[in-house]
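Numbering (the numbering used here), first residue to last: 151 to 285.
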């Protein structure tokens, strides 16, 4: 079983948000170099959508504080994930209706920010190499 303390988890969650913001800017700079300003804005918007969703999830998921019991904390995370999904959908709809985007650049920016989750997961989990084989 893996466990982590709440301050570490909160710091990790908001660290992921900061990492996603940085990756959004890097994706926009890459798009600027490859395709110009319009693609850069599209990549920045795509990355911004993912970052905004993660910020909402982290904010709602850790609203209970240190004294929240396990059931309440799990409920907060479920609510946070539902709100995150709603925010991402609404932002995609708004951006696609209001801004003329380069779809590939926008979805590339969005996808690039999702990689931050995997990197954070791999660096945050304890080393699992000691598991026994054949057991």
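Don't be surprised by glycine CBs; every beta carbon is placed ideally from N, CA and C.
What you are looking at is a predicted structure, and each value in this text was computed from that prediction instead of being measured.
8 Å contact criterion, which residue 241 and residue 178 should meet: CB distance rounded: In fact, because the Cβ distance is near 16 Å, the residues do not count as touching under 8 Å.
Residues of its chain near residue 193, where Cβ-Cβ distance is below 7 Å and the 5 sequence neighbours each way are ignored: Closer than 7 Å at the Cβ level, and outside the excluded window around residue 193, lie 177, 178, 181, 255, 256, 258, 259.
Secondary structure of residue 272, DSSP reduced to three states: Note: residue 272 maps to helix in three-state DSSP.
Three-way DSSP call (helix, strand, coil) for residue 266 in this model: Three-state result, residue 266: helix.
Contacting residues, own chain, Cβ-Cβ under 8 Å from residue 166 (five flanking each side not counted): So the list reads 204, 208, 266, 267, 270, once near-sequence residues are dropped.
Anticipated Cβ contact below 8 Å, residue 263 with residue 173, distance rounded: Contact flag correct, Cβ pair sits at about 5 Å.
Alpha-carbon spacing of residue 253 relative to residue 189, whole angstroms: Using only the alpha carbons, I get a separation of about 9 Å.
Straight-line gap, residue 164 to residue 229 (C-alpha atoms, nearest Å): For residue 164 and residue 229, the gap between their C-alpha atoms comes out near 17 Å.
Continuous alpha helix (DSSP H) stretch holding residue 230: start and end: Residue range 220-248 is occupied by the alpha helix (DSSP H) that includes residue 230.
Reduced DSSP category for residue 251 - H, G, I as helix; E, B as strand; rest coil: Three-state DSSP puts residue 251 in coil, outside helix and strand.
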